[in-house]
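K.L.:
Sequential numbering of the first sequence, starting at -8, is according to my numbering.
Built from N, CA and C at the ideal position, the CB exists for glycine as well.
The model shown is predicted, which means the values in this text are computed figures rather than measured ones.
Encoded as structure tokens, here's the structure I'll be asking about.
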Amino acid sequence: MILRIEDTDQTRYVPGAEEYIINTLEWAGIELDEGPKEGGEFVPYRQSERKDIYQQYAQQLISNGHAYYAFDSAEELEAMRTRLREEKAFSQHYNAESRQQMKNSFTLSEEEVKSRIESGQPYVVRLNVPAEGQVAFTDIIRGDVSVDCNTLDDKVLLKSDGLPTYHLANVVDDHLMQITHVIRGEEWLPSLPIHVLLYRYFDWQAEMPSFAHLPLILKPEGNGKLSKRDADKSGFPIFPLSWEDVETKEVSEGFKEAGYLPEALLNFLAFLGWNPGDDRELFNKEELIAAFSLDRIGKGGAKFDIAKAQWYNQHYIKHVPNQDLEQILANALSEEGITFDDNKVAEVVGLMKERITFQHELVNQARFFFVNPEVYDERAVQKKWNEQAVSALEAVRDAYLEMTTFDQESIKVRTNEICTELDIPLGKIMPALRIAITGSLSGPDLMSTLQILGANEVSERIVKAISTIGN
RNA sequence: GGCCGGGUCGUCUAACGGCCAGGACAUCAGGUUUUCAGCCUGAAGAUGAGGGUUCGAUUCCCUCCCCGGCUACCA
């Protein structure tokens, strides 16, 4: 894995962004072989530190006549575009035709260009796109595509601050770093002709990488590509790790913080636009690497469906070692100042593991194992708590205290016996018992719960519930 | 507007031109005779429209419709 930082837009520099990317990759289990920190054969790996290289290659294009200087101000460019739009011109680009009206190597004398540069006037270097002809190329996913040169723009290659645009930097670096495959979002497809032209003008066609333009990830509802806004609106994460906006100080929770496991996110994301060709859907990182192939990527955009991501998480959480979950639960309990016993934590995790979708649910759903419920769900009480149930509870309490072995099976047998003796159905007493023990009507298997709690604790809770709720 | 790319169940998707268009998530129903969750079983649910080509079209061709991306000294 190579990490190259494409930081050629100094106006959009975000402190901490590079570190964030590295942390994200680490969380996802993706290890770097080459990068800004790791170094490697093709240092440096930050484009902002490769300025000289790009300038050298831009110079080469200029001397070959494939690029030229331009001195137009932002206002002049805007005026040109407005004019062309109003004239309903065939193309509104800076191209073979419109460049004749602008200030550049074509309209200015060689001396003029030279003196402007020497006097420190700001300039850019633009690609000299031919007036006619076609650029044809093959994309692994899209197939053969061809574009007329007269629909292309004389893209800026080198900005007035001396840094390259994506187009130049990307082509130069991919060549220098011996990149074999360019796999990127579909939004880059319209730029590919520019890039192909560059490979041609550098005479690098022979080693030109293969291109694969991936379908976009779309917002869950409506149309358009997924954005942070949509994610916020629908209440699911979009950042892998939580991220604080430097300007607004607004913190966006990441998938990690929301409780998603990296395996789940990876598996989910991999299946947005790709499938292995059979019915299997569960792939860990290694299996993904082994099974993946570009030719099985679909062409259409994929809507982001958080429900599927949750399903993946639910699956992968079952693969998390119990020890890890025990640690999480223990830490959470400690933080709340709740005392606990390690064995009990282990038992609880064993019981709860299959029931949760996110790790953090563990604490909330298992808290009652460690603290006597303070409140009893009102609706539950209204529905299931009555005089008959209370007297039955008193009976089972006495019976439980007398039991020599208090395990799941024995509890079940004894409870059934009491029901028979009192001539009351099991379904009457169980809900009330559950309310007394957990405070609500939902939860894991009650017999197992009682076993973990132990007869004394169970007895205490029954007493407390009766005195609190009454009968 | 121009250029490029798309369009199969609600969603992600499968289907050398040929088996009732298959699977998964979500939904709904039943089961697991203590709940909820889980798990098991089942149900419902799609080829954007119209023309061709063909014995046969989701697949190939044309037209239309719809959607997306790009159209910056951003990536």
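What are the boundary residues of the beta strand (DSSP E) that Leu441 is part of?
P.N.:
Position 450 of the first sequence, counted from the first residue, corresponds to residue 441. Element bounds for Leu441: not the beta strand (DSSP E) but the alpha helix (DSSP H), 437 to 444.
K.L.:
Count the other CB atoms, across all protein chains shown, that sit within 10 Å of the CB of Val362; report buried if there are 16 or more and exposed otherwise.
P.N.:
Indexing the first sequence from 1 puts residue 362 at position 371. Exposed, by the Cβ-count rule.
K.L.:
Rounded to whole angstroms, what is the Cα-Cα separation between Ser64 and His84?
P.N.:
Locating residue 64 in the first sequence gives position 73, counting from the first residue. Locating residue 84 in the first sequence gives position 93, counting from the first residue. Cα to Cα, the separation comes out at about 15 Å.
K.L.:
Would Gly250 and Gln350 be called neighbours here (beta carbons separated by less than 8 Å)?
P.N.:
By one-based count along the first sequence, residue 250 stands at place 259. By one-based count along the first sequence, residue 350 stands at place 359. Contact flag set, yes.
K.L.:
In three-state DSSP terms, what is Ser458?
P.N.:
Along the first sequence, one-based indexing puts residue 458 at 467. Correct three-state label for Ser458: helix.
K.L.:
How many Å lie between Met(-8) and Ile170 at the Cα?
P.N.:
For the purposes of this step, residue -8 is identified with residue 1 of the first sequence, where counting begins at 1. For the purposes of this step, residue 170 is identified with residue 179 of the first sequence, where counting begins at 1. The straight-line gap from Cα to Cα measures roughly 11 Å.
K.L.:
Determine the contact status of Val120 and Leu75, defining contact as a CB-CB distance below 8 Å.
P.N.:
In the first sequence, residue 120 corresponds to position 129, counting from 1. In the first sequence, residue 75 corresponds to position 84, counting from 1. No, Cβ-Cβ distance for Val120 and Leu75 is not below 8 Å.
K.L.:
Can you tell me the Cα-Cα spacing of Ala122 and Ser82, whole angstroms?
P.N.:
Along the first sequence, read from residue 1 onward, the residue named residue 122 stands at position 131. Along the first sequence, read from residue 1 onward, the residue named residue 82 stands at position 91. Cα-Cα distance, rounded: 12 Å.
K.L.:
Pick from Ser89, Ala222, Met421, Asp389: whose alpha carbon is nearest that of Thr142?
P.N.:
Working through the first sequence from its first residue, we reach residue 142 at position 151. Taking only the C-alpha atoms, the option nearest Thr142 is Ser89.
K.L.:
Judging by CA-CA distance, which residue of Ala423, Ala58, Ala298, Ile208 is the nearest neighbour of Asp145?
P.N.:
The sequence position of residue 145 within the first sequence is 154, counting from 1. When only C-alpha atoms are compared, the closest one is Ala58.
K.L.:
For the beta strand (DSSP E) that contains Ile415, what are its first and last residues?
P.N.:
The count along the first sequence starts at 1 and reaches residue 415 at position 424. Counting along the chain, Ile415 falls outside any beta strand (DSSP E), and DSSP gives it neither H nor E.
K.L.:
What are the uninterrupted segments assigned as beta strand (DSSP E) that are 3 or more residues long and contained completely in the segment 75 to 160, given in chain order?
P.N.:
If we require 3 residues or more, the beta strand (DSSP E) runs fully inside the segment 75 to 160 come out as 115 to 118, 125 to 130, 134 to 139, 147 to 149.
K.L.:
Report, in whole angstroms, the separation of the C-beta atoms of Lys42 and Leu154, which I expect to be a contact under 8 Å.
P.N.:
As a first step, residue 42 must be located in the first sequence, where it is residue number 51. As a first step, residue 154 must be located in the first sequence, where it is residue number 163. The pair is a contact, with the Cβ atoms about 6 Å apart (cut-off 8 Å).
K.L.:
Taking the straight line between their C-alpha atoms, what separation do you get for Asp221 and Glu248?
P.N.:
Position 230 of the first sequence, counted from the start, is the residue given in the question as residue 221. Position 257 of the first sequence, counted from the start, is the residue given in the question as residue 248. C-alpha separation (whole angstroms): 18 Å.
K.L.:
Give a yes or no on whether the C-beta atoms belonging to Pro425 and Leu417 are separated by under 8 Å.
P.N.:
Residue mapping note: residue 425 aligns to position 434 of the first sequence, counting from 1. Residue mapping note: residue 417 aligns to position 426 of the first sequence, counting from 1. Just to set this straight, residue 425 is Arg in the shown sequence, not Pro. Not closer than 8 Å, so no.
K.L.:
Would you report the Cα separation of Pro181 and Glu78, rounded to the nearest angstrom?
P.N.:
Position 190 of the first sequence, counted from the start, is the residue given in the question as residue 181. Position 87 of the first sequence, counted from the start, is the residue given in the question as residue 78. When rounded, the distance between both Cα atoms is 24 Å.
K.L.:
Specify, as a first and last residue, the run of the alpha helix (DSSP H) that Gly291 falls within.
P.N.:
Here residue 291 refers to the residue found at position 300 of the first sequence. Element bounds for Gly291: n/a, residue is neither H nor E.
K.L.:
Start and end of the beta strand (DSSP E) containing Ala58?
P.N.:
As a first step, residue 58 is located in the first sequence; it is residue number 67 there, counting from the start. Start and end: 58 to 61.
K.L.:
Rounding to the nearest angstrom, what Cα-Cα distance links Asp0 and Ser151 in this structure?
P.N.:
Residue 0 sits at position 9 when you count from the first residue of the first sequence. Residue 151 sits at position 160 when you count from the first residue of the first sequence. Going by the C-alpha atoms only, they are around 12 Å apart.
K.L.:
Taking the continuous alpha helix (DSSP H) assigned at Gly341, which residues delimit it?
P.N.:
Mapped onto the first sequence, residue 341 falls at position 350. Looking at the DSSP string, the run of the alpha helix (DSSP H) that includes Gly341 is 333 to 343.
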